[in-house]
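One structure below.
Protein chains: 2
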Amino acid sequence: MSQIQKRQSFLFSSPPVVESHACVVGKKESEGPLIDYFDETSQDTYFGETTWEKAESKMQQLTLQAALKKANLNKKDISMAFSGDLLNQCIGSSFSLRDTGIPTFGLYGACSTMAESLLLAGMSVAGGFSRRSLAMTSSHFASSERQYRFPLGYGGQRPPTSQWTVTGAGCAILGCGEGEIYVRGGTVGHIVDFGIKDANNMGAAMAPAAISTLQAHFKELGKRPADYDRIVTGDLGRIGRKIVYEQMEHDSYPLECRYSDCGELIFDCVRQDVHAGGSGCGCSAVVLCGYLMQLMKEQKINDLLFCGTGALLSPVSTNQGESVPGICHAVWLSTKKE
Amino acid sequence: MSQIQKRQSFLFSSPPVVESHACVVGKKESEGPLIDYFDETSQDTYFGETTWEKAESKMQQLTLQAALKKANLNKKDISMAFSGDLLNQCIGSSFSLRDTGIPTFGLYGACSTMAESLLLAGMSVAGGFSRRSLAMTSSHFASSERQYRFPLGYGGQRPPTSQWTVTGAGCAILGCGEGEIYVRGGTVGHIVDFGIKDANNMGAAMAPAAISTLQAHFKELGKRPADYDRIVTGDLGRIGRKIVYEQMEHDSYPLECRYSDCGELIFDCVRQDVHAGGSGCGCSAVVLCGYLMQLMKEQKINDLLFCGTGALLSPVSTNQGESVPGICHAVWLSTKKE
């Protein structure tokens, strides 16, 4: 094997190609600035199902169908699926993939799942274990609120640092051969915990993980921020984004105007009253598989560093007084294969 | 790449070696028939911690320490960790790996996690992405009962089909080079749901997945049960094991006396009053990383087919009337590299 391999980072010797990608979102997301980049939107929070959890599985099914259709593929063409979500025991993914017959690896990376699944799907294809792999994730505002905070009917007040879980699902299908977007490699995050205990300030809790992974990426691969047209974290929101921006500048890796965050891109934070921005596995998934990949196809972005960030807390760990561990995986996507 | 690749199965062209393995269990497990095969046992359900969830993380830390020590390695020698558990948001794994600095992929495969993590760790090493990868998982009786069923203090009655979640953690460290046990390949399961809705009968819910994966394994790789010295599922318990045994015989793949189940191996089901047997991610993990790998080192087993089975339900999905999807991943372990 001739993959380039460092402590946390690797580059694919034969980069997998993005054969297809798709995303599906809910009502609030369809009222935001990225409306032109979604494959499907629904004005019904339940997506025709009877519960929010089932709606989340339905969204995954819809996004997979859309991605297959765009590439003229069917389920049997997929050799491996890598999927996970925020729900307890990842039922969003298990129930969405239950009737597909696709060999499945379940993941849990909280909101870093899109990046995690892309790296693993890429490894499965580039390593010769799978002909075609699926990377998929989702989140739903209502199922997340109920599980992590309060039932919606309770009408809880949201502090200014809180983020709004995106209702959406995104997926990418990776394969061999030629195409418009390649997964060139990435940096696998380790778990970073700076002791933040406020479960309503995920951006601050995850920012140290993003900084750690970005620095490892640049150092290990001998790269600079300017090597990328866009560097996008997802989803730190306004507060976490500011921390990353300032710390990276302080450490002589100025990200400048090429840096943005999926949590800020998905919503008009002021007009849509989402406080610090969007969050949830679906947030970075739909921004990547909708907006960013479309810009890459139009060659408005040639090299993208996509950094999925996740907060690995649970309501139980928070209630037991634990702080919030964060993780960030970085994926280098490029329009060039070499 | 020259991996042999079928629809669900693959064989490694350069099989990764098991450099080290270890397991840690609680009191009840230490009173069972496999007492001689555990690296560490604790008579304290809390493992010195203040909550059962923290005890679960502690078990993972202890098993990782034991595995590192046996191979004279330290944390920095591990390039990637693949870990997951049953707790909501997989906090057992996230908190155990938080201070290690090891690049981490979080998994969710319910009780199939040991097999899932072995396959992915194997792919990461054999694909040239990692020098040395960790596969690890755990479960804890008390944290599982509270999360899936009732708080222990409630004293709920257990039906005869129920299984007893093992308090234990197991891990294996895979690397390149030579050794006593190799991961030769495996079969990735797809999600199978036969409509069983009894959350107290996991064995019956998971058995169809085990049958599906075993049949795919034999068919795709042109193998027969007799090619293995031992075929072990984990953990179907007595009821699921009987279903698998009978259906495989009916389908002309007689497993005969080479077949056993981790849920039956770990406990003396009658004397220890565990009804249908053991369960939980930790069950198959400690049986594999303790008992089975030791037998392989003594060459009492040369070819082992280890089939991790998982029930992908959550209390929410059960309360919403959903049936229980199952999954099974098979891993071929051998004392021979070729």
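Each protein sequence line maps, in turn, to chains A and B.
Start counting the first sequence at 52; every next residue gets the next number (the working numbering).
Start counting the second sequence at 52; every next residue gets the next number (the working numbering).
All C-beta atoms, glycine included, are put in the ideal place defined by N, C-alpha and C.
Within 10 angstroms of its Cβ, does A/Gly291 collect 16 or more other Cβ (buried), or is it exposed?
buried
Please list, in chain order, the chain B residues whose beta carbon lies closer than 8 Å to that of A/Gln208.
By Cβ distance, chain B contributes nothing, its closest Cβ being about 24 Å from A/Gln208, past 8 Å.
Look up A/Val76 in the DSSP assignment and say whether it is helix, strand or coil.
strand
If you check the beta carbons only, do B/Ser184 and B/Gly143 fall under 7 Å apart?
no
Given a cut-off of 7 Å, decide if A/Gln59 and A/Ala267 are closer than it, judged by their beta-carbon atoms.
yes
Taking the runs of the alpha helix (DSSP H) that are 4 residues or longer, which of them lie wholly in the segment 106 to 154 of chain A?
142 to 148
Three-way DSSP call (helix, strand, coil) for A/Val367 in this model
helix
Does the beta-carbon of A/Ser385 have 16 or more other beta-carbons within 10 angstroms, so that it is buried, or is it exposed?
buried
B/Thr101 - containing alpha helix (DSSP H), residue span
No alpha helix (DSSP H) contains B/Thr101, which DSSP labels as neither H nor E.
Listing by chain order, which chain B residues have their CB less than 8 Å from the CB of A/His241?
Leu148, Thr151, Gly152, Ile153, Pro154 and Thr155
Reduced DSSP category for A/Ser93 - H, G, I as helix; E, B as strand; rest coil:
coil
Please compile the residues from chain B whose C-beta is within a distance smaller than 7 Å of the C-beta of A/Phe61.
Phe180
Give a yes or no on contact between the segment 132 to 151 of chain B and the segment 109 to 117 of chain B, applying the rule of three or more CB pairs nearer than 8 Å.
yes
Whole angstroms is fine: what's the gap from A/Ser374's alpha carbon to A/Leu364's?
8 Å
B/Leu355 vs B/Arg281 beta-carbon contact at 7 Å
yes
So what's A/Ile294 in DSSP terms, helix, strand or just coil?
helix
So, using beta-carbon positions, are A/Ala261 and A/Cys141 closer together than 7 Å?
no
Please report the straight-line C-alpha distance between B/Ser6 and B/Gly83, rounded to a whole angstrom.
Within the shown structure, residues of chain B are numbered from 52 to 389, placing residue 6 of chain B beyond reach of any answer.
Please check the pair A/Val234 and A/Val69, which I expect to be a contact at CB under 8 Å, by giving their CB distance rounded to whole angstroms.
7 Å
Whose C-beta lies closer than 6 Å to the C-beta of A/Ala172 among residues of the same chain, with five residues either side of it excluded?
Phe133, Ser184, Ala186 and Leu225
Any C-beta of chain A within less than 7 Å: which residues of the segment 268 to 300 of chain B qualify?
none
Exposure label - B/Leu115; buried when at least 16 CB within 10 Å
buried
Collapsed DSSP secondary structure at B/Val338 in the structure displayed:
helix
Same chain, Cβ closer than 6 Å to B/Gly377, five either side skipped, listed in chain order
Val243, Ala256, Met257, Ala260 and Ala362
Which two residues bound the contiguous alpha helix (DSSP H) that contains B/Val243?
Where B/Val243 is concerned, there is no enclosing alpha helix (DSSP H), given that its DSSP letter is neither H nor E.
Cβ of A/Ile142 less than 7 Å from any chain B Cβ?
yes
With 7 Å as the threshold, decide whether the Cβ of B/Gln94 is near any Cβ in chain A.
no
Contact residues within the segment 226 to 238 of chain A, judged by C-beta distance below 7 Å to chain B:
none
With a CB to CB cut of under 6 Å and the five nearest residues on each side skipped, what residues in its chain are close to B/Phe156?
Phe133
CB contact check: A/Asn408 to chain B, cutoff 7 Å:
Coverage of chain A is limited to positions 52 through 389, which leaves residue 408 of chain A absent and any answer about it impossible.
The alpha helix (DSSP H) that contains A/Phe63, what's its start and end?
Counting along the chain, A/Phe63 falls outside any alpha helix (DSSP H), and DSSP gives it neither H nor E.
For a contact defined as C-beta to C-beta under 9 Å, what are the partners of A/Arg58 on chain B?
Lys127, Ser130 and Pro154
Report the rounded CA-to-CA distance for A/Gln198 versus A/Thr151, giving the unit in angstroms.
27 Å
Compute the beta-carbon to beta-carbon distance between B/Asp239 and A/Pro154, rounded to the nearest angstrom, for a pair I have assumed lies under 8 Å.
Inspection of the sequence shows that residue 239 of chain B is occupied by Val rather than by Asp. Correct: roughly 4 Å between the Cβ atoms.
Does the segment 329 to 349 of chain A come within contact of the segment 313 to 320 of chain A, defined as at least 3 CB pairs closer than 8 Å?
yes
Who does B/Ile378 pair with in a DSSP beta bridge?
B/Gly361
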